[in-house]
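>
Protein chains: 2
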Amino acid sequence: MRLKSLLFSLLFLVGTHGFGQQQKPNVLLIISDDQGYHDLGSFGNKDILTPHLDQLAAEGVRLTNFYVTSSACTPSRSGLLTGRYPQRNGTFELFRNNMVNYGHQYTDYEYSVSPERILGTDLREIFISEVLKEGGYTNGYIGKWDLGQLKRYLPMQQGYDKYYGFANTGIDYFTHERYGSPSMIDGNRLSIADKGTYATDLFEREALEFINGSEGKPFFLTLAFNAPHSASNLDPEIKGTVQATEEYLKMYPKSNTKRGEKQRAYKAAITQMDQSIGTILERIKEMGLEENTLVIFLSDNGGMSLADNSPLRGGKAQFFEGGIRVPCLVKWPSKLEAGQTNDAFLTSLELFPMMVAAAGLELPEAIIYDGFDMLPVLQGKTDAERTEMFWEFRGDQAARVGDWKWVQSAKGNGLFDLKQDIGEQNDLSLEKPEILEELTRKFSEWKEEMENAAPRGPFKDF
Amino acid sequence: MRLKSLLFSLLFLVGTHGFGQQQKPNVLLIISDDQGYHDLGSFGNKDILTPHLDQLAAEGVRLTNFYVTSSACTPSRSGLLTGRYPQRNGTFELFRNNMVNYGHQYTDYEYSVSPERILGTDLREIFISEVLKEGGYTNGYIGKWDLGQLKRYLPMQQGYDKYYGFANTGIDYFTHERYGSPSMIDGNRLSIADKGTYATDLFEREALEFINGSEGKPFFLTLAFNAPHSASNLDPEIKGTVQATEEYLKMYPKSNTKRGEKQRAYKAAITQMDQSIGTILERIKEMGLEENTLVIFLSDNGGMSLADNSPLRGGKAQFFEGGIRVPCLVKWPSKLEAGQTNDAFLTSLELFPMMVAAAGLELPEAIIYDGFDMLPVLQGKTDAERTEMFWEFRGDQAARVGDWKWVQSAKGNGLFDLKQDIGEQNDLSLEKPEILEELTRKFSEWKEEMENAAPRGPFKDF
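If you read the protein sequences in the order shown, they are chains F and E. Final position of the first sequence in the numbering used here is 464; the numbers increase by one with none missing. Final position of the second sequence in the numbering used here is 464; the numbers increase by one with none missing.
#1: Should E:Lys153 and E:Asn99 be called a contact, given that it needs their Cβ atoms to be closer than 8 Å?
#2: Spell out whether any CB of chain E is found under 8 Å from the CB atom of F:Tyr87.
#3: So what does E:Arg64 bridge to, in DSSP terms?
#4: Name, in chain order, the residues that DSSP records as bridge partners for F:Trp147.
#5: What residue ranges within the stretch 178-252 of chain F form continuous alpha helix (DSSP H) runs of no fewer than 4 residues, ordered along the chain?
#6: When we look at the beta-carbon of E:Lys407 and count the other beta-carbons within 10 Å, is it buried (16 or more) or exposed?
#7: So which residues of chain E does F:Phe464 contact, with C-beta pairs closer than 9 Å?
#8: Mind checking if F:Tyr104 is an interface residue toward chain E, Cβ cutoff 8 Å exclusive?
#9: Given this structure, state the Cα-to-Cα distance separating F:Gly290 from F:Asn28, to the nearest angstrom.
#10: Rounded to the nearest angstrom, how far is the Cβ of F:His40 from that of F:Asn311, given a contact under 8 Å?
#11: Closer than 7 Å, Cβ to any Cβ of chain E: which residues of the stretch 419-432 of chain F, in chain order?
#12: Kindly list the residues whose CB is nearer than 7 Å to the CB of E:Thr442, restricted to its own chain and excluding five residues on each side of it in sequence; keep chain order.
#13: Can you pull the chain E neighbours of F:Pro117, defined as C-beta to C-beta under 7 Å?
#14: Within 10 angstroms of the Cβ of F:Thr109, are there 16 or more other Cβ atoms? Answer buried if so, exposed if not.
#15: Does DSSP classify E:Ala401 as helix, strand or coil?
#16: Any C-beta of chain E within less than 7 Å: which residues of the stretch 385-398 of chain F qualify?
#17: Considering only residues of the stretch 31-80 of chain F, which uninterrupted alpha helix (DSSP H) runs meet the minimum length of 4 residues and lie entirely inside it, listed in chain order?
#18: Starting from the Cα of E:Phe212, find the closest Cα among E:Thr202, E:Leu82 and E:Thr224 and give me that residue.
#19: Quick one: is E:Tyr111 near chain F, going by C-beta distance under 8 Å?
#20: Would E:Asn91 count as contacting chain F if we go by Cβ distances under 8 Å?
#21: Measure the beta-carbon distance from F:Phe205 to F:Met186 and round it to whole angstroms, keeping in mind my assumption that it falls under 8 Å.
#22: Could you give the residue range of the beta strand (DSSP E) that holds F:Glu292?
#23: Mapping DSSP to helix, strand and coil, what is F:Val358?
#24: Taking only beta-carbon atoms, is F:Ser183 less than 8 Å away from chain E?
#25: Using the rule of at least 16 other Cβ atoms within 10 Å of the residue's Cβ for burial, across every protein chain shown, is F:Ala309 buried or exposed?
#26: Tell me whether the beta-carbon of E:Thr202 lies closer than 8 Å to the beta-carbon of E:Ser301.
#27: Which value, in whole angstroms, describes the spacing of the CA atoms of F:Gln320 and F:Ser411?
#28: Within the chosen definition, does the stretch 80-91 of chain E reach the stretch 364-373 of chain E through at least 3 CB pairs nearer than 8 Å?
#29: Could you check the C-alpha separation between E:Leu125 and E:Tyr139 for me, to the nearest Å?
#30: Whole-angstrom Cβ separation of F:Leu31 and F:Ile298, contact assumed at under 8 Å?
#31: Sorted by chain position, which residues of the same chain lie with C-beta nearer than 7 Å to F:Arg285's C-beta, five sequence neighbours on each side aside?
#32: Determine the DSSP secondary structure at E:Phe395, reduced to helix, strand or coil.
#33: On the premise that E:Lys26 lies in contact with E:Pro335, defined as a C-beta separation below 8 Å, what is that separation, rounded to the nearest angstrom?
#34: With burial defined as no fewer than 16 other Cβ atoms inside 10 Å of the residue's Cβ, what is the status of F:Arg388: buried or exposed?
#35: Just the chain F side, please: which residues come within less than 8 Å of E:Glu127 by C-beta, in chain order?
#36: Does the ligand NAP have even one heavy atom less than 7 Å from the beta-carbon of E:Gly43?
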């Protein structure tokens, strides 16, 4: 850690002078969990009420061609918060607790030494929060962290000044337990003080408290909802479902089917999250900060069975578009014209450089970043630099080069022309062998680069 | 790692000068796996043929009151090779692959990201090999490593110049697989070149090759047999049994019971290991190195059901004496009188300081060690400094203070007077509440010290 601090001191001397604190924008990064590509009004949904996200879209830019780095939460988030491919930063898997899925409940001791508890993202990685903190920001992390539960891995050790949330993959929305283990953390400690209160409400409360306390200093708030992820509970009736409060459930018609009721809760959870986002954005407006606040919204990966990823094929844990192309909204009134749609090929790897540049800082020089500042693209000043993107998860592989997409997976294979076939229905691998060859070759080159990259744990072998 | 190297440069300047290379003794540290306290002739066994270990005892010192730091292999070995309590170095558990024990065989990908594959002893720990290497030694590690399988954790990255062995908890003696996965490693890579050959024979071959190649430089060889640990195999007939070759099985009478046959293989595996030890000691003699070679033999923890831990109670994975008091032999002709028995209270924590002192080196100053150089005790020059020892594993706890022993575990509790009751049959906790109080208080103090120690992973929470 000392070495890391030294690295910082050397790297950031360049970046921090010459910018007045007042001009730095606030940054609000909102992440929803497993929300489908089509699960908000601004992406075409007519059934789910998302008035505040729709307003955010209307006041900013809607990105329709935007990808995350993995089809599962942990690696997607590691890519987002480090600006590096999960395969480069070493967190390309979940820090899983397999046994609970095999019908075994850990004892306290077993859980304390389980991979879910003891693993986390390599501490040599530099999180966006660390860069912004060096640049004078006050940082808050509210909600799902997902990159390690031990203290050393928690947000407050990675450049965040405040943390309230949970650090494993999913919780029960009310008890905040995962498979029976308390999981809500306040600061660096487990806390059951808020047990019983709906998680979205808590995250809203904490986000407002953080913003209220920012007082004149630029803030960076990462607000990572658990909604609409399904709950991780020991109760088989609740496990695997999405939870919402009665107030929001009432907004949707009751169903007489089990699936219908589950879908109802899914929608209600999104609407409830939407309401919290609205309340927080309203507070920012009331504080006079709206103009100079960069707001980013995205889902961490595609939706699961209750979600609607149309017109995309597949969903979470897959590399068809439904698993990795996600809804994304960006608003920054002082820099971005309202009401735009941008269909440039962009990814969550662009967010780290964009946030750093927005803060008037420079990227740490010694580190390889896989994206670029996409703000000029959103401003219409330049074309996107991105021409290719690669994914790998549990043996499934995918590449996109230009408008061509190649997928090789347990759920299906193929070469698709996204320009003509966004639903990935027509496999052109036989018709276009030379393009297939190009994509698989580029994928192999990428994979080789990842394998030769400076070793980072915990999942990378070296 | 760079910081660690720097630390070395600073620490070892003091220790290395002033000693001629020629005078430094060779060190041969032999570890058997799950061998019971009573499972060799020199500890009273009449059934198992261990002529070479008996000769080693006759030529050296037999330690009858000697403990390891845990009742399971991985933490016991982490304590031995770092000179620190497992609770201090952070490796106090097994790097387990739980799922295989729940009837699930990992796919290659699952195994590659399993805890068994990706965890290892904290790289900030300084292994005995690292200290001796700085002191001019050539180091070899042959056999069971058990402290991490990724390259970064393997012996050759921890100060060893040669490695041949396996890095997980147990293998099939012939296929060298663990639950179907190849597990023999040559250098830093998995190798199936020797598949089919009995593991003990391979370790003997590699040990001889290493010793032959030492040429004039002092060597440190850690020789960690898998015998007589039971085999980890997918075949339910073999899984959980000890394996030996026909040649050694023939030395024991056939049995018509399943348990008898298993016991026969257990004994044969020990005799086969004993023969390899004999061959290696003979080679050292032939090379004229016997006089100035420090040989240490111990079992990593108590034996399991096939073993004989008598007169001790319990065995592996328990804190009754049978789980943690192990047979230990030390021979160093130029320093230790032959044929002694030493019943001083000593532990494997004393081995690190003893080996460092034997090499004419000093312990790294900035590191807390939990033992002391026990050579003067074995020489009869001083009394043992040790008056207490503490153990903890999966919630079980134990303390020994003087001749009093306290155990609290799932398998039984009690306060025992080891001077009168080495078999821990008479619980004196009601008769001696003040002694019980003292031991539990000292245990609590120790536990607090461990919890407040500089954080080390992977199992320690911080």
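The beta-carbon is built from N, C-alpha and C at its ideal position, and this holds for glycine as well.
Short version:
#1: As a first step, residue 153 of chain E is located in the second sequence; it is residue number 151 there, counting from the start. As a first step, residue 99 of chain E is located in the second sequence; it is residue number 97 there, counting from the start. No, the pair does not count as a contact, with Cβ atoms beyond the cut-off.
#2: Residue 87 of chain F sits at position 85 when you count from the first residue of the first sequence. No, because no Cβ of chain E sits closer than 8 Å to the Cβ of F:Tyr87.
#3: Translated into the one-based positions of the second sequence, residue 64 of chain E becomes position 62. Its beta-bridge partners are E:Leu331 and E:Thr343.
#4: Translated into positions along the first sequence, residue 147 of chain F becomes position 145. For F:Trp147, which the question treats as bridged, DSSP gives no partner whatsoever.
#5: 201-214 and 248-251
#6: Here residue 407 of chain E is taken as the residue at index 405 of the second sequence, counted from 1. So E:Lys407 counts as buried.
#7: By 1-based counting over the first sequence, the position of residue 464 of chain F is 462. Under the 9 Å cutoff, chain E gives Leu152, Lys153 and Arg154.
#8: For the purposes of this step, residue 104 of chain F is taken as residue 102 along the first sequence, with counting starting at 1. For F:Tyr104, the answer is yes, since a Cβ of chain E falls inside 8 Å of its Cβ.
#9: As a working note, residue 290 of chain F is residue 288 in the first sequence. As a working note, residue 28 of chain F is residue 26 in the first sequence. The straight-line gap from Cα to Cα measures roughly 11 Å.
#10: Sequence index remark: in the first sequence, residue 40 of chain F carries index 38 (1-based). Sequence index remark: in the first sequence, residue 311 of chain F carries index 309 (1-based). Going by Cβ atoms, the distance from F:His40 to F:Asn311 rounds to 6 Å, so yes, they are a contact pair.
#11: none
#12: Here the question's residue 442 of chain E lines up with position 440 in the second sequence. Only Trp408 meet the Cβ criterion.
#13: The residue given as residue 117 of chain F occupies position 115 in the first sequence. Ordered by position in chain E, the residues that pass the 7 Å Cβ test against F:Pro117 are Pro117.
#14: Position 107 of the first sequence, counting from 1, holds the residue named residue 109 of chain F. F:Thr109 is exposed by the Cβ-count criterion.
#15: The residue labelled residue 401 of chain E in the question sits at position 399 within the second sequence. If DSSP states are grouped into helix, strand and coil, E:Ala401 belongs with the strands.
#16: Those would be Arg396 and Gly397, in chain order.
#17: List check, alpha helix (DSSP H) in window: 53-61.
#18: Within the second sequence, residue 212 of chain E is the residue found at index 210, counting from 1. Minimum Cα distance to E:Phe212 is reached at E:Thr224.
#19: Within the second sequence, the letter at position 109 stands for residue 111 of chain E. Yes, because at least one Cβ of chain F sits closer than 8 Å to the Cβ of E:Tyr111.
#20: Working through the second sequence from its first residue, we reach residue 91 of chain E at position 89. So, not an interface residue.
#21: By one-based count along the first sequence, residue 205 of chain F stands at place 203. By one-based count along the first sequence, residue 186 of chain F stands at place 184. Wrong, their Cβ atoms sit about 10 Å apart, outside the cutoff.
#22: Here the question's residue 292 of chain F lines up with position 290 in the first sequence. Note, F:Glu292: premise wrong, no beta strand (DSSP E); not H, not E.
#23: Residue numbering aside, residue 358 of chain F sits at position 356 when the first sequence is read from its first letter. Note: F:Val358 maps to helix in three-state DSSP.
#24: Start at 1 with the first residue of the first sequence, and residue 183 of chain F comes out as number 181. Closer than 8 Å: no.
#25: For the purposes of this step, residue 309 of chain F is taken as the residue at position 307 of the first sequence. Its Cβ being crowded by 16 or more others within 10 Å, F:Ala309 is buried.
#26: Reading the second sequence from its first residue, position 200 is the one you call residue 202 of chain E. Reading the second sequence from its first residue, position 299 is the one you call residue 301 of chain E. Contact: no.
#27: The sequence position of residue 320 of chain F within the first sequence is 318, counting from 1. The sequence position of residue 411 of chain F within the first sequence is 409, counting from 1. Roughly 8 Å separates the two Cα atoms.
#28: The stretch 364-373 of chain E and the stretch 80-91 of chain E touch, with three or more beta-carbon pairs separated by less than 8 Å.
#29: On the second sequence, position 123 is the one that residue 125 of chain E refers to. On the second sequence, position 137 is the one that residue 139 of chain E refers to. Spanning the two alpha carbons is a distance of roughly 21 Å.
#30: In the first sequence, residue 31 of chain F corresponds to position 29, counting from 1. In the first sequence, residue 298 of chain F corresponds to position 296, counting from 1. With 8 Å as the limit, F:Leu31 and F:Ile298 qualify as a contact, their Cβ atoms being about 5 Å apart.
#31: For this step, residue 285 of chain F is matched to residue 283 along the first sequence. Cβ neighbours of F:Arg285 beyond the five flanking positions: Leu210 and Ile213.
#32: Translated into positions along the second sequence, residue 395 of chain E becomes position 393. DSSP places E:Phe395 in strand when its eight states are reduced to three.
#33: Here residue 335 of chain E is taken as the residue at index 333 of the second sequence, counted from 1. Here residue 26 of chain E is taken as the residue at index 24 of the second sequence, counted from 1. With 8 Å as the limit, E:Pro335 and E:Lys26 do not qualify as a contact, their Cβ atoms being about 15 Å apart.
#34: Along the first sequence, one-based indexing puts residue 388 of chain F at 386. F:Arg388 comes out buried.
#35: Counting from one through the second sequence, the residue named residue 127 of chain E turns up at place 125. What E:Glu127 touches in chain F: nothing, since even the nearest Cβ is about 16 Å away.
#36: Inclusion of the ligand NAP in the displayed structure is not the case, the ligand content being empty and no account of it being possible.
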